Amino acid sequence: MRKVTLFPSLLLLGSLSLTTACSTTHSAGSATAAAQGATASPAAAPTVDPTRIKGLTIVNDSSNDRSCPWATSYPSVPGAEAATAAMKKDVDSYLADYLGTDAAGQSTGCGSGSGASQVPELNISFVFLVASGDVLGVRLLTQDHTGTGDGLSTKTYWYDGAAHAAVAASGLVADGSRPAFLAAVKAQLKQREGSDPALVAGLRAADIDDASFTSDGALKLSFDRGTVGVPAGGRMTVVLPRATVTPWLSAFGRRAQQQTVKPGGTLDLGATGTPTAAVPTETASGTDTTDCAKVKCIALTFDDGPAVTYTATLLKYLAQYKARVTFFTVGQNVAAHPELVRAEARAGHEVGNHSWSHPDLTRLTTAQVKQQLDRTSAAIKAATGTAPTLFRPPYGAVDAQVKAATTLSPVLWDVDTEDWKYRDAAKVARTVIDKASRNDVVLMHDIHPTSVAAVPEILKTLTAEGYRFVTVSHLRATL
Ligand code: ZN
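Quick note on numbering: the working numbering labels position 273 of the sequence shown as 273, and the sequence is numbered without any gaps.
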């Protein structure tokens, strides 16, 4: 993920393979056939079922500040600590750069690192490439909208469970084969319209930071905009067929290839004592008969989860007060932890849609908005048996185009706790207790332990004041 001038055409489409290079200029939010066409790539990598990764945690963080919006996520896989650390380092560095944080930790202004920006946004999401046998492969997708820094950057992280070591993209190729490998890569790049002869000639194996296998065993390299060609050339990919590349692969590269083509089953990186997080078993007793026309209601909402341990703790607190709330879940977290979403629904809470990877939907094309929402609704339905009817647009950013792209009903909020900013349970509790009034929708996040810790005090105090806690749909239906 080198800092280069990038292109806003491929927008955070989760597991879509990045085979498309664009060569025309698009403004953010314009339709791009390129991004849509990526779904039809014949060389797509097989999808990985994250529920098979024992002890998986998704590390989420976000800001809901409309003037400086950002959301980051990456997986933490037991046994692959070195790969997790490498991802964390890159995510932290990207975020510090975006926030304009200097070495002393002082903020110099959001998006200021990349020059003048209109509305900045940073979004980092991930895709599992391989999670099988002793091979883990993850791609991080970084969408950076900071003025001239607009665009997508990708990087792959490999982990060798046999050697207990993180492996760089170039480590898929054996040391002795790198000259032949590089020559083949350069030969392909030279043929590309928009490639820069000087950049191609200077390319070293260590510069290649995105490498993965296709389902038929070819090695696919992906280059960010501007790294091997003129910026207008867009992203570029090189695919080396299986027969060509196999003799050049390292021992780990061959195992990674094998586990991509024919996954051997459960991921085993040699982690000992992988903890399995407990899933709450609370079950709602019947339907909620609260009449919000007659009693004081409040709809607490929790965004960005589910999150391992925090969401489970929250469900326990809610059950103690028989409170029902609404969870606006992020699709990539739902896919990783459907059992938590199932527990939310089973306990009588409402599960809403908060997009797949938390981008500002107003920057996307209609097709991309649909992809973000439909994929998440499908994951929620797979987890709970029921498709959601509500969505909360990330950052509250919604316009006519976003609304027209979905049948889901948008839900904003009346009270913003700003709990993403104030990681202080007492302050969050006080904010809700002081600000919330009858029939308000309150915005919180269950990815922050401090927000979850604030909930008992909120429930205790407001229950004593006569409030009842209901879901957003219940509130709307009984008003
Ligand atoms: Zn959010």
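For glycine and all other residues, C-beta sits at the position ideal for the given N, C-alpha and C.
Model, not experiment: these values are computed from the prediction.
Cβ distance (whole Å) where residue i is taken to contact residue j below 8 Å
| i | j | result |
| --- | --- | --- |
| Ile447 | Asp304 | 5 Å |
| Ile58 | Ser73 | 6 Å |
| Ser215 | Val261 | 7 Å |
| Ala131 | Val238 | Actually they do not touch by this definition, with Cβ atoms about 25 Å apart. |
| Leu221 | Phe213 | Actually they are not in contact, since the Cβ atoms of Leu221 and Phe213 sit about 11 Å apart, beyond 8 Å. |
| Thr417 | Leu390 | Between Leu390 and Thr417 the Cβ distance is about 19 Å, and since that is not below 8 Å, they are no contact. |
| Leu267 | Leu172 | So it is not a contact: roughly 18 Å between Cβ atoms. |
| Trp420 | Val441 | Not quite, the Cβ-Cβ distance comes to about 17 Å (not below 8 Å), so this is no contact. |
| Val369 | Val402 | 5 Å |
Buried or exposed (CB count within 10 angstroms, at least 16 for buried), residue i
| i | result |
| --- | --- |
| Val295 | exposed |
| Thr39 | With a pLDDT of only 37 at Thr39, under 50, the local geometry of the prediction cannot be trusted, and no value is derived from it. |
| Asp92 | exposed |
| Gly202 | exposed |
| Asp291 | exposed |
| Ala163 | exposed |
| Gly385 | exposed |
| Leu475 | buried |
| Pro241 | exposed |
| Gln320 | exposed |
| Gln371 | buried |
| Gly109 | exposed |
| Ser285 | exposed |
| Ala83 | buried |
| Gln191 | exposed |
| Cys22 | Residue confidence for Cys22 is low, a pLDDT of 35 falling below 50, so the modelled location carries little weight; the figure read from the coordinates is stated next. Per the 10 Å Cβ criterion, buried. |
| Arg204 | exposed |
| Ala379 | buried |
| Asp65 | exposed |
| Arg438 | exposed |
| Thr376 | buried |
| Gly115 | Residue confidence for Gly115 is low, a pLDDT of 47 falling below 50, so the modelled location carries little weight; the figure read from the coordinates is stated next. Exposed: under 16 other Cβ atoms inside 10 Å. |
| Glu350 | buried |
| Arg423 | exposed |
Residue i Cβ short of 7 Å to ligand 1 heavy atom set
| i | result |
| --- | --- |
| Asn64 | yes |
| Pro410 | no |
| Asp288 | no |
| Pro394 | yes |
| His448 | no |
| Asp419 | no |
| Asp303 | yes |
| His164 | no |
| His337 | no |
| His474 | no |
| His354 | yes |
Closer than 7 Å: residue i CB and nearest ligand 2 heavy atom
| i | result |
| --- | --- |
| His358 | Questions concerning ligand 2 fall outside what the structure shown contains, since the ligands it does hold are ligand 1. |
Residues that DSSP places opposite residue i in a beta bridge
| i | result |
| --- | --- |
| Asn123 | Ala71 and Gln143 |
| Met87 | Met87 pairs with nothing; no bridge assigned. |
| Lys220 | Ser212 and Val239 |
| Cys297 | Arg468 |
| Lys155 | Leu140 |
| Thr329 | Asn353 |
| Thr57 | Ser76 |
| Leu443 | Thr301 and Asp416 |
| Pro410 | Phe391 |
Any C-beta of chain C under 8 Å from that of residue i
| i | result |
| --- | --- |
| Lys316 | Checking the listed chains, one finds no chain C in this structure; it contains a single protein chain. |
request  = Mind the definition here: the region 333 to 348 touches the region 387 to 399 only if three or more C-beta pairs lie below 8 Å; say whether that holds.
outcome  = Below 8 Å, too few C-beta pairs join the region 333 to 348 and the region 387 to 399 to call them touching: fewer than three.
The region 149 to 159 contacting the region 219 to 229, beta-carbon criterion three pairs below 8 Å = As far as the Cβ criterion goes, the region 149 to 159 touches the region 219 to 229, which means the pair count is three or higher.
task = Determine, using beta-carbon pairs with one atom in the region 428 to 438 and one in the region 401 to 408, whether at least three such pairs fall under 8 Å.
result = Contact between the region 428 to 438 and the region 401 to 408 is absent, because fewer than three Cβ pairs lie under 8 Å.
inquiry  = Assess contact between the region 269 to 282 and the region 188 to 198, defined as three or more Cβ pairs (one per stretch) separated by less than 8 Å. Is contact present?
reply    = Contact fails: fewer than three Cβ-Cβ distances are below 8 Å.
inquiry  = Tell me whether the region 311 to 326 and the region 273 to 285 touch, counting them as touching only if at least three CB pairs, one residue from each stretch, are closer than 8 Å.
reply    = Touching, per the Cβ criterion.
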